[in-house]
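As numbered in this note's numbering, residues 233 to 563 make up the sequence shown, in order.
We treat Cβ as the ideally placed atom computed from N, Cα and C, and that holds for glycine.
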Amino acid sequence: MKRISVRSPSNIAFIKYWGQRNKELVLPYNDSFSMNLSNCYTELQIEILEDPSIQKLDFKEYQTETFKPMGEAFLKPVHNMYKTIKQVLGTSEDFGFHMYSYNSFPKKAGIASSASFFSALAMGFARAFHAELTEKELSILARLSGSGSASRSIPDGFVWWHAGESSETSFAESIAPPDYWDIVDLVLVLSREEKKVGSQEGHKGAETSPFFLARQEYLKIHAPEMKQAFLKKDFTKFGTMVEHEALSMHHIMMTQHEPLFFWSGKTVLMLQQISAMRQKGLEVYATIDAGENIHLICQKAHEEQVTRHVAAQGIAEEIISNSAARGTTIL
Ligand code: PMV
């Protein structure tokens with residue numbers, strides 16, 4: 233029996249992707265930009281079996297000891313990915329598989345668990361089919377899983393996803409290695425509860441927000457400016473833009489039909505605290521994905537002080553510290 237082990241990071245977007253220009257090909261409206269997370273990752277082991285009728289996935293939840301078999305709802309996107317990769321590779325080969333997946337963080341809580349899982353799956357399946365794919369091809373494949381942000385977990389460090397105009401031109405690439413800048417993402421786990429509406433469902437309503445086009449216009453200026461601030465390591469400008477950008481995406485979410493309110497009271501309380509920390513001179517900024525949990529962005533030199541402040545407030549159940557990390561890797 234052949235075994236393939238893959239580890240893939242989750243990522244936090246500084247420029248978010250919300251809304252799909254082409255739903256089937258998972259093409260976004262705008263470029264997005266993210267950092268791979270060192271301590272939020274999926275470890276996926278795939279046992280390749282001769283019998284193609286066996287397709288199983290066992291999942292070990294965060295902070296649990298045992299793997300549990302996943303049902304059809306969870307397996308469906310995995311089957312789809314298997315079919316997609318066969319199609320992309322133009323192969324008629326078939327195999328069965330038994331997969332074991334472990335997440336180092338709570339899933340479906342705004343920490344991009346689909347990004348880490350589907351990027352790991354794309355690389356694992358590519359290896360199982362003996363395909364020698366480039367990083368660009370792998371990021372395209374990961375995007376086609378349905379979780380577009382998975383494309384950003386493939387390359388190393390700080391990653392730019394070009395929206396592109398076609399499937400071939402919509403891919404992610406690294407714009408800086410993990411050690412380019414020692415900024416930190418402190419994930420504040422405010423709740424481990426799984427969100428009710430997934431991103432893939434949520435993307436569908438994005439264009440119904442009356443502010444959707446305004447956000448796209450704003451991103452045309454904001455995205456290259458943020459990239460410049462990042463490359464110059466101008467933390468004040470970069471952090472300010474990161475926070476504005478997250479609020480701009482949530483503005484769309486809250487004004488689309490049906491509106492999506494991912495925030496809880498704790499999220500709002502924490503956003504107020506972050507602003508208060510800044511006013512006291514501590515440079516820290518917030519970003520939020522599709523979930524109630526908050527990601528704090530600060531410089532490594534301030535991590536301890538920020539962590540102490542946040543812990544003292546007693547709002548977060550847990551704080552997961554992340555530096556920038558490598559992309560998807562075969563173990
Ligand atoms: O990649 P998806 O379909 O899970 O969507 C991700 C959307 C956000 O996490 C909210 C933003 C982003 O760019 O990561």
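Distance between Val-421 and Glu-325, taken at the CA atoms: about 43 Å. Residue pairing of Trp-393 in beta bridges, as defined by DSSP: Ser-264 and Ala-404. Relative to the ligand PMV, Lys-248 has its C-beta within less than 7 Å of a heavy atom. Not one heavy atom of the ligand PMV lies closer than 7 Å to the C-beta of Gln-504.
Inside the stretch 234-297, DSSP marks whole beta strand (DSSP E) runs of 3 or more residues at positions 234-247, 252-254, 264-281 and 287-292, from first to last along the chain. In the pairwise beta carbon analysis, the stretch 508-518 is classified as not touching the stretch 349-357: fewer than three pairs are separated by under 8 Å. Annotation: Arg-424 to Asp-417 spans about 18 Å, alpha carbon to alpha carbon. Short note on Ser-381: C-beta closer than 7 Å to some heavy atom of the ligand PMV. Distance check between Phe-444 and each of Thr-487, Lys-459 and Ile-317 places Thr-487 closest, using alpha-carbon atoms only. Within the chosen limit of 7 Å, the ligand PMV reaches the beta carbon of His-435 through at least one heavy atom. With a cut-off of 7 Å, the C-beta of Gln-448 is classified as distant from the ligand PMV, since no heavy atom of the ligand falls inside that distance. Among the bridge pairs identified by DSSP, Ser-480 is matched with none.
The nearest non-hydrogen atom of the ligand PMV is less than 7 Å from the C-beta of Ala-347. At least one heavy atom of the ligand PMV lies less than 7 Å from the C-beta of Ala-245.
Around the beta-carbon of Gly-471, 16 or more other beta-carbon atoms lie within 10 Å, marking it buried. When C-beta atoms of the stretch 256-275 are compared with those of the stretch 442-457, three or more pairs fall below 8 Å, so the two segments count as touching.
Shown here, Pro-442 sits in coil according to DSSP, grouped into three states, outside any helix or strand. With respect to Gln-287, Arg-235 sits apart: the two C-beta atoms are not nearer than 8 Å. Boundaries for Ser-431: no beta strand (DSSP E) harbours it, while the alpha helix (DSSP H) harbouring it runs 431-435, taken from the DSSP string.
Taken through DSSP and simplified to helix, strand or coil, Asp-417 comes out as strand. The alpha-carbon separation between Pro-409 and Phe-390 amounts to approximately 6 Å.
Taking 8 Å as the upper bound for CB-CB distance, Phe-361 and Leu-321 are in contact here, some 6 Å apart. In the three-state reduction of the DSSP assignment, Ser-553 falls in the strand class. Within the model, the alpha-carbon separation for Gln-252 versus Phe-246 is close to 18 Å. Among the bridge pairs identified by DSSP, Leu-528 is matched with Leu-418 and Ala-518. Under the Cβ criterion (8 Å, minimum of three pairs), the stretch 326-333 counts as touching the stretch 289-296. If the five residues before and after Glu-549 are omitted, its C-beta is found closer than 6 Å to the C-beta atoms of Val-421, all from its own chain and listed in chain order.
Distance from the C-beta of Ser-242 to the nearest heavy atom of the ligand PMV is not below 7 Å.
For Met-313, the closest C-alpha among the options Leu-257, Met-267, Gln-545 and Lys-339 is that of Leu-257. With distances taken between CA atoms, Thr-499 lies nearest to Ala-478 out of Pro-338, Ala-478 and Glu-490. Residue pairing by DSSP places Thr-561 opposite Arg-239 in a beta bridge. Shown here, Pro-309 sits in a helix according to DSSP, grouped into three states. Looking only at Ala-438, Asn-335 and Ala-533, the smallest Cα-Cα distance to Glu-297 is reached by Asn-335.
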